[in-house]
Amino acid sequence: MMLTLNDSKCRQPTSFLLAGISGPGAGPQPWLYVPFCFMYLVALVGNSLILAVIKLHPTLHEPMYLFLSMLSLADIGLSISTLPTMLQVYALGSREVAADSCLTQLFFIHTFSILESSVLLAMAFDRYVAIRHPLRYVSMLTRAWVGCISLAIVIRGVGLHIPAPILLRRLPFCESHQLSHSYCLHPDVMKLASADTSLNSSYGLFVLLSTLGLDSLLIVVSYTLILRTVLSIASWKERAKALNTCVSHFCAVLLFYTPLISLSMIHRFWRKAPHHTHIFLSYLHFLVPPMLNPIVYALKTQQVRKEIIWVFHQSTLRKRGMERRRR
88 MMLTLNDSKC
98 RQPTSFLLAG
108 ISGPGAGPQP
118 WLYVPFCFMY
128 LVALVGNSLI
138 LAVIKLHPTL
148 HEPMYLFLSM
158 LSLADIGLSI
168 STLPTMLQVY
178 ALGSREVAAD
188 SCLTQLFFIH
198 TFSILESSVL
208 LAMAFDRYVA
218 IRHPLRYVSM
228 LTRAWVGCIS
238 LAIVIRGVGL
248 HIPAPILLRR
258 LPFCESHQLS
268 HSYCLHPDVM
278 KLASADTSLN
288 SSYGLFVLLS
298 TLGLDSLLIV
308 VSYTLILRTV
318 LSIASWKERA
328 KALNTCVSHF
338 CAVLLFYTPL
348 ISLSMIHRFW
358 RKAPHHTHIF
368 LSYLHFLVPP
378 MLNPIVYALK
388 TQQVRKEIIW
398 VFHQSTLRKR
408 GMERRRR
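The opening position of the sequence shown corresponds to residue 88 in this note's numbering, with each subsequent residue numbered one higher.
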């Protein structure tokens with residue numbers, strides 16, 4: 088009878104328990120709910136505006152802006168993936184999430200995170216080609232090539248993370264079902280398992296090295312080649328102009344990778360770091376880039392900023408016209 092009872096306790100749980108900055112057991116926290124809602128609103132509106140502007144203006148149908156639209160799609164997907172449980176924890180004080188929902192969420196969070204990393208790598212390659220071969224840029228990066236790169240990015244992101252929920256589904260969970268974050272992540276769920284997780288751990292390490300690790304390395308290589316090319320330009324004015332085209336992308340890379348690298352360093356060298364430090368860096372990694380990327384590109388990319396201002400100007404003119412008709 089005891090064996091049967093223990094066996095039943097070690098099956099796949101029906102739910103997991105989420106945690107926030109204040110730890111498990113805390114109720115609704117409106118002082119955090121409001122800023123998080125603001126961040127999500129800015130992320131969704133800003134990236135949607137970038138997508139609308141690129142779609143509506145044929146002058147922006149170039150490789151650089153097509154990759155930017157992909158970055159905006161990845162940011163929207165990442166925001167939508169983390170939004171439900173974040174609001175559940177901080178707005179409602181509800182900590183329980185169904186196991187199937189948790190596994191689905193971690194699949195989408197990790198997939199969109201890898202998609203963003205892959206797009207940043209594609210944008211680095213785009214900037215290298217634009218600076219190294221400016222006269223052949225359009226002929227080298229045609230729409231067909233951009234489409235192939237985009238398809239490869241999607242297949243890579245989705246294909247590598249399909250096994251994640253499947254491998255977690257086979258694990259028994261005997262003791263705690265308490266997660267460390269307010270959303271589900273693969274390492275967080277895996278560490279609760281009461282069985283050998285070497286396969287899951289090896290798989291996770293392979294995915295991490297072959298995506299985020301490889302992407303960050305290739306981005307560094309791309310910028311090294313870009314700097315070599317820029318330094319070979321005789322005119323200081325032309326050097327500054329070439330580097331200026333990379334500022335927005337470089338900021339996006341820093342926003343995405345800095346919290347991730349910091350979190351990895353803390354895991355390795357500061358294992359006794361406070362729980363809220365891990366939570367804070369996790370939020371920086373998943374919440375801040377989707378919010379700031381459209382702002383950075385709107386401020387630093389003249390053509391995007393110009394078209395956004397035009398959209399708002401046209402919207403204002405339409406409202407004035409409608410008011411005049413009503414009078």
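Idealized CB from N, CA, C, for every residue including glycine.
Practice prompt. Using a threshold of 9 Å, state whether the C-beta atoms of PHE123 and TYR270 are closer than that.
Written response: no
Item to complete: In the DSSP assignment, find the alpha helix (DSSP H) that holds LEU165 and state where it starts and stops.
Response: 150 to 177
Worksheet item: Which one or two residues does DSSP pair with GLN389 in a beta bridge?
Response: In DSSP, GLN389 forms no bridge with anything.
Fill in: Beta-carbon separation (whole angstroms), TYR384 vs SER335, contact threshold 8 Å
5 Å
Worksheet item: Which same chain residues, not among the five before or five after ARG392, have their C-beta less than 6 Å away from its C-beta?
Response: ALA385
Discussion item. Once the 5 residues before and after TYR215 are set aside, which same chain residues still bring their CB inside 7 Å of it?
Written reply: SER309, LEU312 and ILE313
Item to complete: Tell whether a beta-carbon distance below 9 Å holds between VAL241 and LEU207.
Response: no
Worksheet item: Within 10 angstroms of its Cβ, does GLU262 collect 16 or more other Cβ (buried), or is it exposed?
Response: exposed
Worksheet entry | Beta carbon of ASN287 nearer than 9 Å to that of LEU258 | yes
Worksheet entry | Own chain residues within Cβ distance below 6 Å of GLY244, not counting five before or after | THR198, ILE201 and LEU202
Worksheet entry | Pairwise C-alpha distance: LEU255 and ALA209 | 31 Å
Worksheet entry | Nearest-angstrom Cβ-Cβ length linking ASP162 and PRO376, presumed shorter than 8 Å | 7 Å
Discussion item. Please report the straight-line C-alpha distance between ALA485 and VAL233, rounded to a whole angstrom.
Written reply: In the structure as shown, the chain starts at 88 and stops at 414, and residue 485 therefore has no counterpart that could be examined.
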